[in-house]
Amino acid sequence: MTIITRFPPSPTGFMHIGTARTALFNWLYARRHGGKMLFRIEDTDRARHNEEAVVALINAMKWLDLDWDGEIVSQYEQRNRHAEVALELLDKGLAYRCYCSQEELEEMRVKAKADGKPTFYDRRWRNKGAEDAPEGVEPVIRIKAPLEGATTLHDEVQGDVTVQNEQLDDFVILRADGTPTYMLSVVVDDHDMGVTHVIRGDDHLNNAFRQNVIYEAMEWDKPVYAHLPLILGPDGAKMSKRHGAASVEEYRDMGYLPEAMRNYLLRLGWSHGDDEIISMAQALEWFDLEHIGKAAARFDFAKLESLNAHYIKECDNQRLLESTLPLYKIRHGIEPDSAAQERIMQSADELKSRAKTLIQFVDESVFYARVSPFEYDEKAAALLDQDGKDILKILLDAFEALPSFTADDIQNVCKAVAQEHKDGKLGKVAMPLRAALTGTTVSPSVFHAAEILGRDESLARVRAALA
Ligand code: GLU
1 MTIITRFPPS
11 PTGFMHIGTA
21 RTALFNWLYA
31 RRHGGKMLFR
41 IEDTDRARHN
51 EEAVVALINA
61 MKWLDLDWDG
71 EIVSQYEQRN
81 RHAEVALELL
91 DKGLAYRCYC
101 SQEELEEMRV
111 KAKADGKPTF
121 YDRRWRNKGA
131 EDAPEGVEPV
141 IRIKAPLEGA
151 TTLHDEVQGD
161 VTVQNEQLDD
171 FVILRADGTP
181 TYMLSVVVDD
191 HDMGVTHVIR
201 GDDHLNNAFR
211 QNVIYEAMEW
221 DKPVYAHLPL
231 ILGPDGAKMS
241 KRHGAASVEE
251 YRDMGYLPEA
261 MRNYLLRLGW
271 SHGDDEIISM
281 AQALEWFDLE
291 HIGKAAARFD
301 FAKLESLNAH
311 YIKECDNQRL
321 LESTLPLYKI
331 RHGIEPDSAA
341 QERIMQSADE
351 LKSRAKTLIQ
361 FVDESVFYAR
371 VSPFEYDEKA
381 AALLDQDGKD
391 ILKILLDAFE
401 ALPSFTADDI
411 QNVCKAVAQE
421 HKDGKLGKVA
431 MPLRAALTGT
441 TVSPSVFHAA
451 EILGRDESLA
461 RVRAALA
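According to our numbering, the sequence shown holds residues 1 to 467 in order.
Okay, here's the thing in structure tokens:
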């Protein structure tokens, strides 16, 4: 049997991290078993539909480097087929037309609430025919759910789950305007697409029992289910914007690498012993449904950040440069030219060892791309007071006299100047130098930076600071 999973997001305009985890798990399971992952957009909500939201999902998938098989399926496009199934169930006597008005439904709702019943629709049209139909009312089609007994579904994560059938109502499968309901569309699509495994959030576990009524009525093979526990925020409440970034796009924009995100999402609810750093190659070898935890996972921002730092260190310098180039422009309005790019590359190993995000990498290296004279940030400006300038003047002369201009040479000069003028406190010399060369107070080693900038550029920056 070929394993076929599916990723069926509703287009909301961004990709929630829970949705991304669902995509990743479906992708890993399919790829691990040489199967397929299909991509279906659940776009039946036409009132709120917009194409940009679909593009956002596709972009997020591409960024995460998760591919899918075949064309993207639009659920909306399949609506006639869904309606056809509703009519087939009607023909078979497994569904019926219900002519209740909104008022009647409201009355039933109130009554059921008063009686403490789990469902409200009293099935009053289940055994009536069209001959009883009131004039001018467009009926909905409802499915006949079992009246007694219980339904047990096996779930790969939750085990056997049983629901008393009295919890299931004769839910609507086709609306009065002829459009299918979500419950029907999902089942028909999953069946038609040959889906063998449904891996999704456990907020859909209740739906599985209602969807099961349709599978039974159509005598279709049911998929294997794996319902993933929710992702909670650090405080234990359902993960949302309130906790901080909750979408994949936000993490991308904050300078997270896709591999860090993937690794983090993988560990969010799935484990392989105590392993924290898991490459995609390992995940493709190891991923299974057995080791998905039953308990909800809590989002841990610090852990994601430390994974990101790890993957930045591992990242090839050229790729790092390519992925950060747009950020220099976005954050600083600067497009590093080839000389600046060369400097950044020379400093990349050092920058990488410090950076927790790509943003940090960019912010700490943008000075390589600046053209003197440039503005200093507030703290750097404060260091360039008279005292700082006096030190810079001394450094200027010493630098000019150096036979060679390596990080070691520069550091030795600074040490000697500190010895003579600042009681040996190197920081008192290095800090004004850093301010002059970088315009900031945060950067990799200033001696190394000066070497990479070169003598001419370094002297020009020191002179600009003195001017
Ligand atoms: N469209 C649903 C969602 O985004 C998924 C439905 C399903 O997996 O069955 O939550």
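Note that CB positions come from ideal geometry on N, CA and C, so glycine has one too.
All of these numbers come straight from a predicted model, not from anything done at the bench.
Checklist entry - Under 9 Å between the Cβ atoms of Y96 and R126? => result Your numbering for residue 96 matches position 96 in the sequence shown. Your numbering for residue 126 matches position 126 in the sequence shown. Yes. Within cutoff.
Checklist entry - Which residues, in chain order, sit with a beta-carbon under 6 Å away from any heavy atom of the ligand GLU? => result P8, P9, S10, E42, V186, R200, H204
Checklist entry - Would a C-beta distance cut-off of 9 Å place S365 and S353 closer than the cut-off? => result Working through the sequence shown from its first residue, we reach residue 365 at position 365. Working through the sequence shown from its first residue, we reach residue 353 at position 353. Not in contact: S365 and S353 (Cβ atoms no closer than 9 Å).
Checklist entry - Are the beta-carbon atoms belonging to K447 and Q419 less than 9 Å from one another? => result Counting from 1 along the sequence shown, the entry for residue 447 is found at position 447. Counting from 1 along the sequence shown, the entry for residue 419 is found at position 419. The question names Lys, but residue 447 is Phe in the sequence shown. Going by C-beta atoms, F447 is not nearer than 9 Å to Q419.
Item to check | For M280, the nearest candidate out of L28, G129, M1 (CA to CA) | outcome: Walking along the sequence shown from the start, residue 280 turns up at place 280. The shortest C-alpha separation from M280 is found at L28.
Checklist entry - With DSSP run on the structure shown, which of helix, strand or coil describes T406? => result Position 406 of the sequence shown, counted from the first residue, corresponds to residue 406. Correct three-state label for T406: coil.
Checklist entry - How about the region 324-334 and the region 281-288: do they share at least three Cβ pairs that are nearer than 8 Å? => result no
Item to check | Nearest neighbour of K428, chosen from L66, F209, L384 [CA to CA] | outcome: Taking the first residue of the sequence shown as 1, we reach residue 428 at position 428. If we check each option's Cα against that of K428, L384 comes out closest.
Item to check | A309 Cβ short of 8 Å to the ligand ADP heavy atom set | outcome: Ligands displayed in this structure: the ligand GLU; the ligand ADP is not among them.
Item to check | Contact belief for T151 with V163 at Cβ below 8 Å, rounded distance in angstroms | outcome: Taking the sequence shown and counting its residues from 1, one reaches residue 151 at position 151. Taking the sequence shown and counting its residues from 1, one reaches residue 163 at position 163. Rounded, the Cβ-Cβ distance is 5 Å, consistent with contact.
Item to check | Contact between the region 195-207 and the region 97-111 (3+ Cβ pairs under 8 Å) | outcome: no
Item to check | Reduced DSSP secondary structure (H/G/I, E/B, other) of D155 | outcome: Position 155 of the sequence shown, counting from 1, holds the residue named residue 155. Here D155 sits in strand by DSSP.
Next on the checklist: For a quick check, are the C-beta atoms of R461 and A380 less than 9 Å apart?
Outcome noted: Residue mapping note: residue 461 aligns to position 461 of the sequence shown, counting from 1. Residue mapping note: residue 380 aligns to position 380 of the sequence shown, counting from 1. Not in contact: R461 and A380 (Cβ atoms no closer than 9 Å).
Checklist entry - Tell me which same chain residues have a C-beta within less than 8 Å of the C-beta of G494, skipping the five on either side of it? => result The requested residue 494 is not part of the displayed model; the chain covers only 1 to 467.
Item to check | CB contact flag (H243, G255, <9 Å) | outcome: Taking the sequence shown and counting its residues from 1, one reaches residue 243 at position 243. Taking the sequence shown and counting its residues from 1, one reaches residue 255 at position 255. Cβ distance not < 9 Å, so H243 and G255 don't count as in contact.
Item to check | L358 beta carbon less than 9 Å from that of P444 | outcome: On the sequence shown, position 444 is the one that residue 444 refers to. On the sequence shown, position 358 is the one that residue 358 refers to. No, the pair does not count as a contact, with Cβ atoms beyond the cut-off.
Next on the checklist: If I measure Cβ to Cβ from N26 and keep anything under 7 Å in the same chain, skipping five residues before and after, which residues do I get?
Outcome noted: Counting from 1 along the sequence shown, the entry for residue 26 is found at position 26. Closer than 7 Å at the Cβ level, and outside the excluded window around N26, lie T5, R6, F7, M37, I199.
Item to check | Residue nearest to P258 in terms of C-alpha spacing, selected from T22, D155, L66 | outcome: As a position in the sequence shown, residue 258 is number 258, starting the count at 1. It is L66 whose Cα lies nearest to the Cα of P258.
Item to check | Same chain only: Cβ atoms within 7 Å of Y215, ignoring 5 sequence neighbours per side | outcome: The sequence position of residue 215 within the sequence shown is 215, counting from 1. Excluding positions up to five away in sequence, the list reads V187, K222.
Checklist entry - If you check the beta carbons only, do W523 and R252 fall under 9 Å apart? => result Nothing about residue 523 can be read from this structure; the chain reaches only from 1 to 467.
Next on the checklist: Given this structure, state the Cα-to-Cα distance separating R343 from L321, to the nearest angstrom.
Outcome noted: Locating residue 343 in the sequence shown gives position 343, where the first residue counts as 1. Locating residue 321 in the sequence shown gives position 321, where the first residue counts as 1. Using only the alpha carbons, I get a separation of about 11 Å.
Item to check | Neighbour-count burial assignment, E451, 16 or more Cβ in a 10 Å radius | outcome: Along the sequence shown, one-based indexing puts residue 451 at 451. With 16 or more other Cβ atoms within 10 Å, it is buried.
Item to check | Between the CA atoms of I41 and A56 - distance to the nearest angstrom | outcome: For the purposes of this step, residue 56 is taken as the residue at position 56 of the sequence shown. For the purposes of this step, residue 41 is taken as the residue at position 41 of the sequence shown. Looking at the two C-alpha atoms, the distance is approximately 12 Å.
Checklist entry - Counting along the chain, where does the alpha helix (DSSP H) carrying R79 start and finish? => result The residue labelled residue 79 in the question sits at position 79 within the sequence shown. Its alpha helix (DSSP H) spans residues 79-91.
Item to check | Rounded separation between C414 and K422 - CA only | outcome: Looking up residue 414 in the sequence shown gives position 414. Looking up residue 422 in the sequence shown gives position 422. Each residue's Cα considered, the two are about 10 Å apart.
Checklist entry - Looking only at its own chain, which residues have a Cβ that is under 8 Å from the Cβ of A145, when we skip the five neighbours before and after it? => result The residue given as residue 145 occupies position 145 in the sequence shown. The answer, listed in chain order, is N165, L168, D169, D170, F171, R210, V213.
Item to check | Contacts around L289, its chain only, beta-carbon distance under 6 Å, and the 5 residues preceding and following it disregarded | outcome: Position 289 of the sequence shown, counting from 1, holds the residue named residue 289. The answer, listed in chain order, is E156, A226.
Checklist entry - Should P432 go down as buried or exposed, given a rule of 16 or more other Cβ atoms within 10 Å for buried? => result By one-based count along the sequence shown, residue 432 stands at place 432. Looking at its Cβ environment, which holds 16 or more other Cβ atoms inside 10 Å, P432 is buried.
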